[in-house]
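Chains as they are written, first to last, in the numbering used here: chain P, 11 to 377; chain S, 11 to 377.
Written out below as structure tokens is the structure these notes cover.
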């Protein structure tokens, strides 16, 4: 078996997990650089306590690399550009590889033009959006990232899921304070949470999912029978049309500006669902942005202003029974610091998947 | 009395209302051009069935122009720029005047650099965000607009209102289909709706407002006793942290990138609330964006793609009991077409306000 450094009971060394991930991906034909990029994104998700976008995804990535549904030797290509914008064709590469390159293009554009905006087509599932937005931070830039996804979410008044959980991430640098990193999906609840309740045989509260006819439902199994997740805002009364608007804007930026597939045509991000025929675009779409702080005002003014903003919000009186007001990104940053020290806890299912991949690909000791 | 052309019972000619508005604003020292710009924004809100941002605002605008809290002869000034970005100091002018100019700068920048992004400080309440975003449409550009506002909304876990209802508008051109125009606040409910229930002595549903201690409340009068509106998403369980993230990002873009006041320091947009002292920034902040379609891909491909997107979403099977799935902007566009024909219905209170303003400023017949 592959030698993982075990910190404690079921806690694994992030560096060992990264090496394992790189070794597995290289066996699928990825270059060392692309494998490392992908591993870094997946391990970042684990460290930031977002395991739904971490190593759990590796088996599907590898399945699709091995059956040719994802191109292991993709060479993304710039197909269009202006001083502050660029369109990238991902050549059907692995999402993290394409997304990482796209965000670097956005940063390069911003360096020259003040801001940089990159639309991406022909890509695939890219993991956590926040990872790419945060790439802007060391450059004293604000980073943005969004992408569309499989149609699980029903627009307001729709019986069917037509849009994805379409996440948005925005990373903003500060001075003395840690950066603000907002990273959230535009649906009322995550698919993973619905599935977990389903597995546990627990009902789901009202206002999260609907039946195939668009009626309210409290059955988390409804997604397997044509049901859909509601947009952020839950019902029309509580503003679901606003969550629908956000998901729509993210779909348009990610797919229409790039030439990727939109809404109901977005390809599945898991290997067991078949690809559809006659798609209107190419692959999955992303959209990235970078804005140089000093393209708007002196950086020191902005950074001290952000410190003031963060201290003011963090210092707000908490609601009765709550400990404190959080700044976007606080929970993930705290998890990252903690997990880097204690190691990453892997679920039994993920460990079994990793072992099976090692056996299948003949990975024993890449260190 | 001022002669308004009356179409039917209480329905007023939009052109007459515009002339009235221009006449009143000119009496306060505005140039004809700036008065017309402001009138157009307010009348657009009336036509689009958003009367909370229409002529109802004129009395406060005029009160603040007359007592010097808003600068009638403002000369906005570009204080910083890069090829794709610009920072504008609004010179404490009327919001619609400053915002209109800012969006023109964004469009100019986009023409040259592919995209244009304008941060604005020292401005005031600007009416409906969608108006400015839509200015990009005739140029085959996507338009964006956001602004911060008085702190009525409590971040997740906060006892106090710390952020505004911070709206976001995005306008996207299409080919044969009408454009998609998303224009929404990032709070669970509009302040105006809470006030209306309060006036009617009706309770408000759960999950819209909270008490001054951050406890759940169904009393719409709670806002007058230190209560706050909840973010889009309502409670933490339903994703209020996502609405809080959005409001936070909009506050940072509008205030921190421009040097305006953020969160709890945003000046009141009504004349009867006093200005605070020792503010960290200048006035209210806005943020505008324009992206040229053909900076990403050939415009005809995008426009036909948007037509396909709109037809697909509009053609989705409606939920049981619902008539159809709407495209963002459909209700406002339909209202505009209808009201342009039938005239604008004014509430008794607004008519009385207009009459009082005419009497006060000596406006009798500007036509």
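Backbone N, C-alpha and C fix where the C-beta goes; we use that ideal spot for every residue, glycine too.
None of these values were measured; they are calculated from a predicted model.
Determine the chain P residues that contact residue i at a beta-carbon separation under 8 Å, and present them in chain order.
i, result
"residue 223(S)", "329 and 330"
"residue 247(S)", "215"
"residue 405(S)", "This structure cannot settle anything about residue 405(S), because the visible part of chain S is limited to 11 through 377."
Assuming residue i is part of the beta strand (DSSP E), what are its boundary residues?
i, result
"residue 92(S)", "87–92"
"residue 276(P)", "Residue 276(P) -> no beta strand (DSSP E), and no H or E assigned at all."
"residue 30(P)", "First-last for residue 30(P): 24–37, but that is the alpha helix (DSSP H), not the beta strand (DSSP E)."
"residue 181(P)", "178–182"
Does chain S have any CB closer than 9 Å to the CB of residue i?
i, result
"residue 147(P)", "no"
"residue 251(P)", "yes"
"residue 189(P)", "no"
"residue 272(P)", "yes"
"residue 282(P)", "no"
"residue 206(P)", "no"
"residue 91(P)", "yes"
"residue 168(P)", "yes"
"residue 344(P)", "no"
"residue 114(P)", "no"
"residue 301(P)", "yes"
"residue 289(P)", "no"
Could you tell me how far apart the beta carbons of residue i and residue j are, in whole angstroms, since I believe they sit closer than 8 Å?
i, j, result
"residue 179(S)", "residue 241(S)", "Incorrect: roughly 18 Å between the Cβ atoms, too far for contact."
"residue 276(P)", "residue 349(P)", "Actually they do not touch by this definition, with Cβ atoms about 31 Å apart."
"residue 79(S)", "residue 285(S)", "7 Å"
"residue 161(P)", "residue 273(P)", "6 Å"
"residue 312(S)", "residue 303(S)", "5 Å"
"residue 379(P)", "residue 164(P)", "Residue 379(P) falls outside the range modelled here, since chain P spans only 11 to 377, and no answer is possible."
"residue 271(P)", "residue 299(P)", "Rounded, the Cβ-Cβ distance is 21 Å, inconsistent with contact."
"residue 297(S)", "residue 169(S)", "Wrong, their Cβ atoms sit about 28 Å apart, outside the cutoff."
Who pairs with residue i in a beta bridge, going by DSSP?
i, result
"residue 129(P)", "97(P) and 297(P)"
"residue 227(S)", "219(S)"
"residue 59(S)", "Note: residue 59(S) sits in no beta bridge, so no partner."
"residue 191(P)", "181(P)"
"residue 168(S)", "328(P)"
"residue 73(S)", "The partner list for residue 73(S) (beta bridge, DSSP) is empty, contrary to what the question assumes."
"residue 163(S)", "173(S) and 239(S)"
"residue 303(P)", "Partner(s): none; residue 303(P) has no beta bridge."
"residue 197(S)", "241(S)"
"residue 16(S)", "22(S)"
"residue 355(S)", "21(S)"
In the DSSP assignment, find the alpha helix (DSSP H) that holds residue i and state where it starts and stops.
i, result
"residue 320(P)", "309–324"
"residue 237(S)", "That residue, residue 237(S), is in no alpha helix (DSSP H); it is neither H nor E in DSSP."
"residue 259(P)", "250–261"
"residue 112(S)", "105–123"
"residue 153(P)", "Segment 151–157 is the beta strand (DSSP E) holding residue 153(P); no alpha helix (DSSP H) there."
"residue 340(P)", "340–352"
"residue 144(S)", "139–144"
"residue 333(P)", "Here residue 333(P) belongs to no alpha helix (DSSP H), and DSSP marks it neither H nor E."
"residue 366(P)", "358–371"
"residue 64(S)", "Where residue 64(S) is concerned, there is no enclosing alpha helix (DSSP H), given that its DSSP letter is neither H nor E."
"residue 207(S)", "201–210"
Taking C-beta pairs closer than 7 Å, name the residues in chain P that residue i reaches, listed in chain order.
i, result
"residue 97(S)", "306 and 307"
"residue 243(S)", "242 and 243"
Can you list the residues of chain S that residue i reaches, using a CB-CB cut of under 8 Å?
i, result
"residue 311(P)", "269"
"residue 144(P)", "Chain S residues near residue 144(P): none, gap ~14 Å exceeds 8 Å."
Is there a Cβ from chain P that is less than 9 Å from the Cβ of residue i?
i, result
"residue 316(S)", "yes"
"residue 172(S)", "yes"
"residue 335(S)", "yes"
"residue 163(S)", "no"
"residue 377(S)", "In this prediction, residue 377(S) has a pLDDT of 42, which is less than 50 and means its spatial position is unreliable; nothing more can be read from the coordinates."
"residue 68(S)", "no"
"residue 11(S)", "Here the model assigns residue 11(S) a pLDDT of 49, short of 50, so the residue's position is not dependable, and the following value carries that caveat. Chain P, which has no Cβ nearer than 9 Å to the Cβ of residue 11(S), makes this no."
"residue 278(S)", "no"
"residue 196(S)", "yes"
"residue 36(S)", "no"
"residue 182(S)", "yes"
"residue 139(S)", "no"
"residue 32(S)", "no"
Cβ closer than 9 Å: which chain S residues qualify as neighbours of residue i?
i, result
"residue 338(P)", "251, 254, 255, 258 and 259"
Give the residues of chain S in contact with residue i, contact being defined as C-beta atoms less than 7 Å apart.
i, result
"residue 62(P)", "Correct list: empty, because the minimum Cβ distance to chain S is about 16 Å."
"residue 111(P)", "In chain order: nothing, as chain S lies at least about 17 Å away."
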